[in-house]
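Just so we're aligned, residue 8 is where the sequence shown starts under our numbering, counting upward by one.
First the structure, in the form of structure tokens, and then the observations on it.
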Amino acid sequence: MTTITHASGTIVPTVVDGYEASIEARSIVHNVMGRTDPDITLRPAGMRTGTLSLVFASRAAGWAALAALCIPQVLTLTDADVPEVGMSFVVAGGAIKHSLDDETRDVWILGVPFQEVLT
């Protein structure tokens, strides 16, 4: 089960239908004229950024989650089945997408852009 903890409580989606993350490689390669080997500035990789796709079985749960995710705050994602996705994050890097599933006309889906943060 996935939970997202925030300042006022928790969000429990019916299912996390998608998790996509990328990590920026931040080392710098400096090509030097007249040399075949570049100079390198080693830097640590960035933190995860990406999108979560959260599915809610009821309109009320979907709208409540949207309201909580629109508040500027640090949130904590935990998942007992896939602990590797656990993180502290903020909603950043794009728009929160909120849609009614076309097939069921019952299920609400949130697309949440995130930036992992240290707490």
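For every residue, glycine included, the Cβ atom is placed at its ideal position computed from N, Cα and C.
The Cβ neighbour count for Ile11, taken over all protein chains shown within 10 Å, is at least 16; the residue is labelled buried.
Membership of Gly69 in any beta strand (DSSP E) is not indicated; the residue belongs instead to the alpha helix (DSSP H) covering Arg66 to Leu76. Note that the C-beta distance between Val62 and Val98 is not below 7 Å. In this structure, Ile35 sits near Thr48, with a CB-CB distance shorter than 7 Å. About 23 Å separates the beta carbon of Gly93 from that of Lys104, a gap too long to meet the 8 Å contact definition. Asp86: member of the beta strand (DSSP E) spanning Leu82 to Asp86, first to last residue.
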